[in-house]
Structure formats: C-alpha cells, structure tokens
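See structure below.
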Amino acid sequence: MSYLKNNGKMQTTLNLIKAQLQHLYSDAEIKAFGFLILESVCCLDKQAVLRDKDKQLSPNERFQIGEIIESLKKYRPIQYILGETEFYGLRFKVNENVLIPRPETEELVDLIQSDYRKSPLSVLDIGTGSGCIAIALAKNLPDASVYALDISEKALEIARQNAERNRVNVHFFQQDILADFPANSSGDLPEKWDIIVSNPPYVTPEEKRAMSKNVLDYEPHQALFAPQKKPLLFYERIADMGLNRLEESGALYFETSALYGKETVGMLREKGYRSVQLLQDISGKDRMIIARL
Ligand SMILES: C[S@@+](CC[C@H](N)C(=O)[O-])C[C@H]1O[C@@H](n2cnc3c(N)ncnc32)[C@H](O)[C@@H]1O
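Remember, our numbering sits 14 above the position in the sequence shown when you count from 1.
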C-alpha cells in the first residue's frame, strides 16, 4: 500500500490522507479526518498533532492508518471506524448497532439541561441508542433519576458501556414502545415522569434517495426509518404515553424532522397538550418540540 512507502512522518501522513481521499470527500472533511485519525491511532491530542509535525510514526501506526483510509474509501463513517465519537463534551463508544449521535441532538440536551438545571427530576429517554441523551443529561443534571429504553438489546449493550465509561447511573431497559408502555410491574420504574425525551426514528423511506451512502449503508435502519404512510407513528405513540405518564408539570421533549415539525405540533395540540413550542436548530431548521399538558 502506497501509504506504507512514505517517510512516515506526521505531516507527510496528513498529506497522504488528503491525497488518498480528495476525490471522495470535501477538504474540510478530510482535514477533520486527518486529525481524528492521528489523534486516535497515535493517542495524541490535536495540539500535539499540530506541533509534532516531524514525529516519526511506527510501522504499526502506519499500517492502522492505511486500514482506516481503505474503510473511508468505502464510505464507512469515521466514528464507526474509530469506534467512538464525542457528544456534549463526552466520549461515546459507537458501532453499527447504534445511530451516530448528531450535533442537533446536543441542542436538545442543552435545552433540557438549561430548563431544569437544579430540580430533582425523573427523566425517561425513549429510543436511547448509544445512550447519548440519557447519559449527557445524567452527567449534567446530578439530581435527576434517568431511565432509558430501546427496542434493540445490542444498542442497550453499547449504552450501558457508555454510562460506565462516563461514570453515570442510568437505568436502561429493553422495550418496544410501539407494543407497550413501560409497565411498572416490578416497581422499579416511576409511575410518572417529569421529562420524557425522544429522538425517535423519523426518516421516511421516500427520503432514502436524498441520503448519503455513509448513512444509508452503515447506520441501523431501525434507528432511522418511520413508516412511509405514518411518519409520525413514534411521536403519536409517545404523545399518548405522555398523557398518562407525565407529571402534571411535566414536559415532552422531541427531536423532530424538519419536514414534519409543524404536523407534529398539530398532532400534539389535538391530543390535548396545551403548550406546544416548535424550536429551530442552529441552522434554522424546525428541529425541537417542547409539549406540556
Ligand atoms: C434516531 S435513533 C436515536 C438514538 C439516540 N437517542 C440519539 O439521539 O442518537 C432512534 C432509536 O430508537 C430505537 N427504536 C426504534 N424502534 C423502536 C421501538 N419500537 N421501541 C423502542 N425503541 C425503538 C432505535 O433502536 C434507535 O436506537
């Protein structure tokens, strides 16, 4: 492989990553990949990568970088290749069983944690995936009791590891939200929650055509897609649950599709939620909903 033949210095390796990927990704993406790869393979921080341009990489490090470049050429997401990502200032393990946490979702966490900074609370995260929302909330709301569910046992396995890694206590459990509401049969779940938060599957199959290969070919479809004929299926189900299982002063927090935000607001009002707010993300798209009874 050509990358094993260069002089193996840090700067040359960055140049080589660029040369190998320049027809496949934007300059900005390649620059970000270069740093992420060197930070991860050489266990350095970004400052060290910038500073030690003449550092000689070991044959093993160069081999690993070659393998990563080959995976990137197949559009495998860098987060899955490196096995981790950052969310809300915390490190999360990720693999193909969980959705890669997105920056928009950090905005949802930010909204909740600024609304509820001090109170003792019970929080339920529906469709937790990597556990990113539940764990970031548990870390930032020390008085909160945080519960999180997912239909996927494989996702829950990763979420549990992420809670341990970030030293927070989250009660994870397996549940198909379309089949049942969480039952309190064993008495270890709250009867009512102060906050129910969810970033549920909301992409319709029709949107597949506009999706990039690295999402469509690698991220779990169970995490992405809602039925074409019922794009709001998960939102409706969770809204029904909220009617019975939210505290009187409680709130639903949703991440929503920019395409169906307004429709979701209408649905929530019809179901009897009195205060429903639609909020935009940093790029101005309809993205978050807060609904109160
Ligand atoms: C869009 S992902 C969100 C993951 C994570 N909360 C995040 O924001 O990155 C949706 C999650 O819902 C889960 N899910 C899909 N269908 C479900 C169902 N019927 N019941 C419970 N969880 C479900 C998926 O496994 C996936 O982890």
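A virtual CB, placed ideally from N, CA and C, is assigned to each residue, including glycine.
The structure presented is a predicted model; accordingly, all values stated were derived computationally and were not measured.
The DSSP-derived three-state label of D254 is helix.
By the criterion of a C-beta distance shorter than 8 Å, K227 is surrounded in its chain by Y89, once the five residues flanking it on both sides are discounted. Between R301 and T270, the C-beta spacing is below 8 Å. Bridge pairing for F187: L163 [DSSP]. Bounds of the alpha helix (DSSP H) holding K32 are M24 to L35. A residue is called buried when at least 16 other Cβ atoms come within 10 angstroms of its Cβ; M225 does not meet this threshold and is exposed.
Here V279 carries a helix assignment [DSSP, helix/strand/coil]. With respect to the 8 Å criterion, L71 and T27 are classified as neighbours on the basis of their beta carbons. In the structure shown, F77 adopts helical secondary structure according to DSSP, grouped into three states.
Here DSSP, grouped into helix, strand and coil, assigns V63 to helix.
Where F106 is concerned, there is no enclosing alpha helix (DSSP H), although the beta strand (DSSP E) around it starts and stops at L104 to K107. In the DSSP assignment, the residues bridged to Y267 are V211 and I304.
The Cβ atoms of Y287 and R306 lie closer than 8 Å to each other. Set against 7 Å, the gap from the CB of N109 to the closest heavy atom of ligand 1 is not smaller. Where F101 is concerned, the enclosing beta strand (DSSP E) starts and stops at E98 to F101.
If you check the CB distance, S144 and P115 come in under 8 Å. Counting of Cβ neighbours within 10 angstroms places P91 among the buried residues, the total reaching 16 or more. Linking E84 to N213 through their CA atoms gives a straight-line distance of about 32 Å.
In the displayed model, F195 falls within coil according to three-state DSSP, outside both helix and strand. In the DSSP assignment, D124 falls within the alpha helix (DSSP H) that extends over P117 to D129.
Contact between the stretch 151 to 165 and the stretch 187 to 199 is present: 3 or more CB-CB pairs across the two stretches fall below 8 Å.
For I140, there is no enclosing alpha helix (DSSP H); the enclosing beta strand (DSSP E) has its first and last residue at L135 to I140.
Beta-carbon to beta-carbon, G141 and I209 are separated by about 15 Å, too far to satisfy the 8 Å threshold.
If the five residues before and after D157 are omitted, its C-beta is found closer than 8 Å to the C-beta atoms of K132, S133, P134 and L135, all from its own chain and listed in chain order. Rounded to whole angstroms, the separation of the alpha carbons of A197 and L203 is 8 Å. With at least 16 other beta carbons inside 10 angstroms of its own, N176 counts as buried.
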